[in-house]
Amino acid sequence: MLALDPAAQAPEWAKLDERIMKELAPAVPMYVEVAYYLHGSKAGGVFISSVFGYPSFVNAFVKQ
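Plus 42 on top of the position in the sequence shown (first one is 1) and you've got this note's numbering.
Set out below in structure tokens:
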């Protein structure tokens, strides 16, 4: 497709977009469940965010 001149590319990109949306990815997940696991006696600085409700690793560190 990139070998075509720019004016000829647009219809080809449109065909590709249509194929992707009809055949390959007709649905897109709107929610992905994520789990965070952190354990160990040397883990520090992690807290549950009151805004987001999941662990914040902004100040995470490993205790020496």
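Every residue, glycine too, gets a C-beta built ideally from N, C-alpha and C.
Just so we're clear, the structure is a prediction, and the values are computed from it rather than from any experiment.
| Asked | Found |
| --- | --- |
| Since Lys105 contacts Gly86 with CB under 8 Å, what's their CB separation in whole angstroms? | 5 Å |
| Mapping the DSSP letters down to three states, classify Ala45 as helix, strand or coil. | coil |
| Taking only three categories from DSSP, how would you classify Ala69? | coil |
| Is it true that the CB of Glu54 sits closer than 7 Å to the CB of Leu43? | Per the sequence presented here, residue 43 reads as Met, with Leu not at that position. Yes, they are a contact pair. |
| If Ala102 sits next to Val88, beta carbons under 8 Å apart, how far is it from one beta carbon to the other, in whole angstroms? | 5 Å |
| Are Ser91 and Ser98 close, meaning C-beta to C-beta below 7 Å? | yes |
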